[in-house]
Amino acid sequence: MDLNFIQVILVIIVAFFAGMEGILDEFHFHQPVIACTLIGLVTGQLVPCMILGGTLQMIALGWSNVGAAVAPDAALAAVASAIILVLGGQGKGGVSSAIAIAVPLAVAGLLLTILARTIATAIVHIMDRYAEQGSFRGIETWHVIAICMQGVRIALPAALILAVGAGPVREVLNAMPTWLTEGLSIGGGMVVAVGYAMVINMMATAEVWPFFAIGFVLATVKDLTLIGLGAIGISMALIYLNLSEKSGSSNGGPANSGDPLGDIIDNY
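Every position in the sequence shown, counted from 1, becomes a number in our numbering once 809 is added.
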């Protein structure tokens, strides 16, 4: 699929905001489900990009910065794979290949992340000098420059992929043998499962397992839509939060054990 000039500019703008949000983390444009959806919206490939974003989001749930360890770049993975999916012109059929491509792109994005953070260290020292001079304007200017640098970190690779064009991207995807595309599809599905398992491993506690089991069973009911499942999930979350508040505010009972259901039963 060939993109016109307006679409190219809009895609680069989305990539720029996705890079900035990787640091600001305010509007979550860097999350795959949002970044891919926005790119699909401006390119007219909304459904395939939403499927790609939703699948990549399950993988990115297991990515987090822990200490000095830097997680793979979810923003670059989402933006680059969505652009490749759009340029490839395969629609929903190209989602599996785009997912498999996204993972190595996310790992490669670590190099750009480390480079940006290294440059940011020098910018901090510049801001320190302006702070010594009492110049708030200088501090704000370099703060904006540092944030824009994070946007360029994603916008530049996106522009390079767009510069290559739809033709070469489509030729590369079509030249991939069947065994490779099927292998990438299987590998992409395994990565999603591993990412979701990592999230469960981090969040799993004795008191939330019943909610997980109920949700898992409800997901098998064919008459329930995604909206219905979402409403049930929100209701369960509100019930759990309400029980947590009651457990934490109980007076004269045993100490809060972290299990709201157990604490309430013990109080009675």
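Don't be surprised by glycine CBs; every beta carbon is placed ideally from N, CA and C.
Determine the direct distance from the alpha carbon of residue j to that of residue i, and round the result to whole angstroms.
i	j	result
L1027	L1033	8 Å
L914	P881	9 Å
I832	V823	15 Å
I868	S944	43 Å
I1009	G1024	13 Å
I923	L965	16 Å
V1030	G1039	13 Å
L855	G863	12 Å
L1052	V912	39 Å
Y939	A929	15 Å
G974	G1037	41 Å
R926	H837	20 Å
G1062	A1006	Per-residue confidence for G1062 stands at a pLDDT of 48, beneath the threshold of 50, marking its modelled position as unreliable; the derived number appears in the next sentence. Going from the Cα of G1062 to the Cα of A1006 covers about 36 Å.
L1035	M859	14 Å
Have a look at the options and flag the residue whose alpha-carbon is nearest the alpha-carbon of residue i.
i	options	result
I1048	F838, I1036, L969, F1020	F1020
E835	T987, I818, A967, I956	I956
I954	P977, G863, M829	M829
V1017	M1045, I1036, E991, G1037	M1045
F1079	A972, A1006, G992, A1022	No statement about residue 1079 is possible, as the shown extent of the chain runs from 810 to 1077 and does not include it.
Hey, would you say residue i sits closer than 7 Å to residue j, going by beta carbons?
i	j	result
A827	I910	no
A907	L861	yes
G900	P857	yes
I818	A967	no
I948	M958	no
F825	G1042	no
W951	I932	yes
Would you please state the rounded distance, in angstroms, between the beta carbons of residue i and residue j? I believe it to be under 8 Å.
i	j	result
V895	T852	5 Å
A884	H839	4 Å
L812	P841	That pair is no contact at about 20 Å.
Should residue i be counted as a contact of the ligand ADP given a C-beta to heavy atom distance under 6 Å?
i	result
A964	The ligand ADP is not part of the structure shown, which contains no ligands of any sort.
| said: Check whether the region 842-858 and the region 890-901 touch, using three or more Cβ-Cβ pairs below 8 Å as the test. | reply: yes
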